[in-house]
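J.: Below you'll find the structure I mean.
Number of protein chains: 2
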Amino acid sequence: MAVRLKDIARDLDVSVMTVSKALRGAEDISEKTRQRVLKRMAELNYRPNMLARGLASGRTSIAGLVVPDLLHPFFAEFAKALNGVLRRHQYGLILASSEEDPAIEQEEIRTVLARGIDVLLIASCQTSLKGFYGVEDQRTPFILVDRNFPHLRASFVGTDDYRAGLLATRHLLGTGRTRIAHIAGPELSPGIDRMRGYKAALAERRRGVPRGYLIANARVEEAGESAGYRAMRQLLRRRRRPDAVFCYNDLTAIGAMEAAIEAGLSIPGDVGFVGCGNLLYSRYLRIPLSSIDQSTRQLGEQAGNLALDLIQDRGRAPQQICLEPRLVVRASSVASKQSGGS
Amino acid sequence: MAVRLKDIARDLDVSVMTVSKALRGAEDISEKTRQRVLKRMAELNYRPNMLARGLASGRTSIAGLVVPDLLHPFFAEFAKALNGVLRRHQYGLILASSEEDPAIEQEEIRTVLARGIDVLLIASCQTSLKGFYGVEDQRTPFILVDRNFPHLRASFVGTDDYRAGLLATRHLLGTGRTRIAHIAGPELSPGIDRMRGYKAALAERRRGVPRGYLIANARVEEAGESAGYRAMRQLLRRRRRPDAVFCYNDLTAIGAMEAAIEAGLSIPGDVGFVGCGNLLYSRYLRIPLSSIDQSTRQLGEQAGNLALDLIQDRGRAPQQICLEPRLVVRASSVASKQSGGS
DNA sequence: AAACGATACTTTATCGCTAACGTATTTTGC
DNA sequence: GCAAAATACGTTAGCGATAAAGTATCGTTT
Chain Z
18 MAVRLKDIAR DLDVSVMTVS KALRGAEDIS EKTRQRVLKR MAELNYRPNM
68 LARGLASGRT SIAGLVVPDL LHPFFAEFAK ALNGVLRRHQ YGLILASSEE
118 DPAIEQEEIR TVLARGIDVL LIASCQTSLK GFYGVEDQRT PFILVDRNFP
168 HLRASFVGTD DYRAGLLATR HLLGTGRTRI AHIAGPELSP GIDRMRGYKA
218 ALAERRRGVP RGYLIANARV EEAGESAGYR AMRQLLRRRR RPDAVFCYND
268 LTAIGAMEAA IEAGLSIPGD VGFVGCGNLL YSRYLRIPLS SIDQSTRQLG
318 EQAGNLALDL IQDRGRAPQQ ICLEPRLVVR ASSVASKQSG GS
Chain C
18 MAVRLKDIAR DLDVSVMTVS KALRGAEDIS EKTRQRVLKR MAELNYRPNM
68 LARGLASGRT SIAGLVVPDL LHPFFAEFAK ALNGVLRRHQ YGLILASSEE
118 DPAIEQEEIR TVLARGIDVL LIASCQTSLK GFYGVEDQRT PFILVDRNFP
168 HLRASFVGTD DYRAGLLATR HLLGTGRTRI AHIAGPELSP GIDRMRGYKA
218 ALAERRRGVP RGYLIANARV EEAGESAGYR AMRQLLRRRR RPDAVFCYND
268 LTAIGAMEAA IEAGLSIPGD VGFVGCGNLL YSRYLRIPLS SIDQSTRQLG
318 EQAGNLALDL IQDRGRAPQQ ICLEPRLVVR ASSVASKQSG GS
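So the protein lines, in turn, are chains Z and C.
Residue numbers in the first sequence follow my numbering, run continuously in steps of one, and reach 359 at the last position.
Residue numbers in the second sequence follow my numbering, run continuously in steps of one, and reach 359 at the last position.
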């Protein structure tokens with residue numbers, strides 16, 4: 018079996034407690050004994066049993082992350098950055114996916130909590146706060162990621178989605194488009210706020226949303242491209258077809274552009290597109306996609322740092338971190354541009 | 018605090034052990050008592066403390082996964098599928114990334130092992146077996162994923178990479194190409210085997226590898242596209258430039274195609290490309306990419322099932338699961354095709 | 001009716017580690 | 001030179017669960 022404190026204690030003829038203290042750098046240990054202990058630990062390749070430590074100390078050095086979809090590049094990138102921060106602080110990451118299903122999400126939350134995680138990060142797909150009761154009355158600190166609940170006084174790390182919608186739509190207006198449609202996301206904060214931004218940008222020009230130009234698509238997350246494809250087909254059936262579309266995210270935009278190309282339209286000539294998320298691959302697409310960059314990596318890093326802070330100081334007030342979105346212009350919205358941005 | 022067995026035992030005036038047995042469906046409990054216990058558990062929303070259970074029973078219901086890069090769509094897709102299988106069996110997943118660094122990998126392996134995982138899945142970036150000593154002499158069963166060590170008698174789940182290279186290169190030969198280059202991957206089993214397949218396909222036509230047509234790129238994984246870009250630039254400097262390139266993976270191919278387009282070449286007219294991995298986005302690229310599909314999702318599912326099997330039956334002999342690769346032809350290699358495959 | 005076995009629990013002893021307190025031994029102050 | 005304080009270690013008592021073995025209670029068998 019694995020080496021235990023007990024083994025080292027026996028070897029050195031000291032108590033288990035002395036070894037434990039030396040390991041964790043406690044104060045009341047002589048330098049000499051500590052060195053003896055550490056030496057022996059190195060020889061035996063000792064690693065503390067984290068289950069036992071967690072059970073005894075109440076801290077596991079594990080963070081839990083619950084996302085709707087691991088495969089979605091946004092969450093993959095987020096998870097990677099988060100994991101990097103955690104690793105550097107000797108923290109582990111236990112991962113769960115809700116598959117965009119509120120019921121699974123609740124179950125997964127309970128499961129990871131039962132594993133004694135020190136902090137929970139969650140990109141929730143709950144449409145109401147109801148589903149959050151389980152988390153709230155736990156002692157475990159938690160951070161909402163990407164999707165916020167306006168009336169929940171909780172920590173949040175995400176994008177200013179209202180501004181994202183604003184920037185995207187302003188950009189399309191700025192390129193002279195007049196009939197701008199929006200393929201909206203699910204009814205969670207990002208989708209709602211991006212739509213609000215879209216409407217606000219139109220309102221700045223004293224415009225409203227043209228009838229039938231707002232496509233709601235509750236299940237857009239699950240099948241980004243195909244939902245985008247279907248939504249675009251719907252838009253193309255309008256009497257006056259739009260000359261630009263702001264899409265909830267890049268995957269949606271990919272599908273929407275496919276539909277446009279299939280219908281024989283030229284991009285960005287006949288119709289311009291802007292997505293959101295600025296996925297790694299968006300620049301390599303058939304028509305490089307203009308997008309709103311969310312600084313996903315920074316989001317992951319900030320979330321990691323906040324998580325560590327919350328563990329350190331349980332009493333700390335919830336903190337809201339909202340990164341500024343940034344427009345990246347590529348060929349899908351502006352003719353002259355071959356490619357651009359990062 | 019959370020509800021414990023002790024609380025339920027007190028409420029029902031039975032011993033903790035009785036409650037524990039009722040919970041786990043042991044035989045020597047009366048139906049009546051079991052129902053009483055389960056009822057009370059439901060009322061109190063009881064969840065067993067998995068740390069305590071793990072410590073006492075030696076089984077944590079957690080699998081560990083160590084990958085080189087979470088962001089790489091192959092591993093993201095694999096992880097998603099794996100996680101799906103595990104979730105359905107009430108297993109958790111603890112995730113670690115080696116960032117393609119053998120030293121970090123070893124550290125992460127030790128870390129996850131110290132957390133008492135029941136099984137380890139690992140896509141290793143060790144170039145030699147040396148780094149595997151730590152895993153081998155543990156009791157924890159493990160599965161090699163994607164990257165195999167030929168002389169290690171261990172379980173493996175991955176692709177027949179030799180055949181992948183063969184299929185890709187045969188396809189390019191079949192479209193009448195005569196000067197086929199290869200941008201190779203790192204010196205791990207997939208890279209080595211795909212290259213072997215490439216050479217074998219050429220040999221079938223009594224051809225060798227033209228001088229300078231084989232670009233080795235040790236660090237290709239870390240920065241797929243930029244490495245592919247650089248490699249292609251190198252190929253374009255040859256006196257006779259290649260008329261086709263088989264790329265180690267799709268990311269490499271994306272970068273390589275960028276370089277070709279930048280050099281004013283037409284794809285697939287002047288030069289054809291085939292990648293490997295068939296990423297979700299490969300069909301939406303500027304020029305839809307022909308690729309070798311690895312059935313990544315199935316890989317994840319099979320790995321999950323094998324992992325569960327290994328936990329059930331520790332003595333079981335190592336099993337090697339090698340899925341058949343499948344060619345997906347798109348516009349990057351054949352002019353007429355607009356798009357194809359799935 | 002004694003013996004047996006099945007049934008349905010309970011008791012005891014860990015799992016490996018840590019928090020909190022306890023106790024020798026040395027150092028310090030005056 | 002003696003008490004108080006500091007130093008360095010040890011003891012005890014869990015954390016919340018489970019494995020293994022122990023014990024009442026009962027119906028059955030012969």
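Positions of the beta carbon are idealized from the N, C-alpha and C atoms, including for glycine.
1) I need the straight-line Cα distance from residue 149 (chain C) to residue 252 (chain C), nearest angstrom please.
2) Quick check: is the beta carbon of residue 271 (chain Z) nearer than 8 Å to any beta carbon in chain C?
3) Could you tell me the distance, in whole angstroms, from the CA atom of residue 356 (chain C) to the CA atom of residue 347 (chain C)?
4) Using the C-alpha atoms, what's the distance from residue 280 (chain Z) back to residue 197 (chain Z)?
5) Which residues in the same chain have their Cβ closer than 7 Å to the Cβ of residue 22 (chain C), if we skip the five residues on either side of it in sequence?
6) Is the CB-CB distance between residue 178 (chain C) and residue 206 (chain C) below 8 Å?
7) Suppose you measure from the CA of residue 278 (chain C) to the CA of residue 72 (chain C); what does that come to, to the nearest Å?
8) Spell out whether any CB of chain Z is found under 8 Å from the CB atom of residue 358 (chain C).
9) 8 Å is my cut-off, CB to CB: does residue 361 (chain Z) come that close to chain C?
10) Does any CB atom of chain Z fall closer than 8 Å to the CB of residue 66 (chain C)?
11) Give the secondary structure of residue 141 (chain Z) by DSSP, where H, G and I count as helix, E and B as strand, and everything else as coil.
12) Put residue 126 (chain C) into one of helix, strand or coil per three-state DSSP.
13) Any beta carbon from chain Z within less than 8 Å of residue 88 (chain C)'s own beta carbon?
14) Is it buried or exposed for residue 332 (chain Z), if we count other Cβ within 10 angstroms and need 16 for buried?
15) Just grab the DSSP bridge partners of residue 309 (chain C) for me.
16) So for residue 155 (chain C), helix, strand or coil by DSSP?
17) For a contact meaning CB atoms closer than 7 Å, what does residue 94 (chain Z) contact in chain C?
18) Using CA atoms only, rank isn't needed, just tell me which of Z:319, Z:145, Z:350 and Z:320 is closest to residue 166 (chain Z).
19) By how many angstroms is the C-alpha of residue 224 (chain C) removed from the C-alpha of residue 246 (chain Z)?
20) How big is the Cα-Cα spacing for residue 101 (chain Z) and residue 42 (chain C)?
21) Going residue by residue through the segment 55 to 121 of chain Z, where are the continuous alpha helix (DSSP H) segments of at least 4 residues, counting only ones entirely within it?
22) Which partner residues of residue 52 (chain C) appear in the DSSP bridge assignment?
23) State buried or exposed for residue 275 (chain C), treating a residue as buried only when at least 16 other CB atoms are found within 10 Å of its CB.
24) Is residue 337 (chain C) helix, strand or coil by DSSP?
25) Pick helix, strand or coil for residue 278 (chain Z), following the three-state DSSP scheme.
26) For residue 72 (chain C), which residues in chain Z fall below 9 Å Cβ to Cβ?
27) Whole angstroms is fine: what's the gap from residue 227 (chain Z)'s alpha carbon to residue 216 (chain Z)'s?
28) Rounded to the nearest angstrom, what separates residue 80 (chain C) and residue 180 (chain Z) at their Cα positions?
29) Just to check my reading of the structure: residue 84 (chain C) and residue 47 (chain C) have Cβ atoms closer than 8 Å, yes? What is that Cβ distance to the nearest angstrom?
30) On the DSSP letters alone, give me the boundaries of the alpha helix (DSSP H) that residue 37 (chain Z) sits inside.
31) If we call anything under 8 Å between Cβ atoms a contact, is residue 200 (chain C) one with residue 264 (chain C)?
32) In terms of residue numbering, what span does the alpha helix (DSSP H) encompassing residue 176 (chain Z) cover?
33) At 9 Å on the CB atoms, spell out the chain Z contacts of residue 302 (chain C), in chain order.
34) Check whether the Cβ of residue 322 (chain Z) lies closer than 8 Å to any Cβ atom in chain C.
35) Between Z:272, Z:169, Z:307 and Z:294, which has its C-alpha nearest residue 301 (chain C)'s C-alpha?
36) Check each candidate in Z:191, Z:212, Z:75 and Z:64 and name the one with the smallest Cα separation from residue 125 (chain C).
T.: On the basis of the supplied data:
1) 36 Å
2) yes
3) Because the pLDDT of residue 356 (chain C) is 43, which lies under 50, any placement of that residue in the model is unreliable, and the number read from its coordinates should be weighed accordingly. Approximately 5 Å, taken between the alpha carbons.
4) When rounded, the distance between both Cα atoms is 18 Å.
5) Around residue 22 (chain C): 33, 36 and 37.
6) yes
7) 58 Å
8) Residue placement at residue 358 (chain C) cannot be trusted, given a pLDDT of 38 that sits under 50; what the coordinates show is reported in the next sentence. Taking Cβ atoms only, chain Z never reaches closer than 8 Å to residue 358 (chain C), which makes this a no.
9) Nothing can be reported for residue 361 (chain Z): it is not among the residues displayed for chain Z, which extend from 18 to 359.
10) yes
11) coil
12) Three-state DSSP puts residue 126 (chain C) in a helix.
13) So, interface residue.
14) exposed
15) C:293 and C:344
16) Note: residue 155 (chain C) maps to coil in three-state DSSP.
17) Per Cβ cutoff of 7 Å: 88.
18) Z:145
19) Roughly 45 Å between the two C-alpha positions.
20) 41 Å
21) 67 to 74 and 90 to 105
22) Residue 52 (chain C) pairs with nothing; no bridge assigned.
23) buried
24) strand
25) helix
26) Chain-order list of chain Z residues neighbouring residue 72 (chain C): 66, 68, 69, 71 and 72, by C-beta distance under 9 Å.
27) 11 Å
28) 40 Å
29) About 48 Å separates the two Cβ atoms, so there is no contact after all.
30) 33 to 41
31) If you check the CB distance, residue 200 (chain C) and residue 264 (chain C) come in under 8 Å.
32) It is not in any alpha helix (DSSP H) - residue 176 (chain Z) instead sits in the beta strand (DSSP E) that spans 172 to 176.
33) 298, 301, 302 and 303
34) Not one chain C Cβ lies under 8 Å of residue 322 (chain Z).
35) Z:272
36) Z:64
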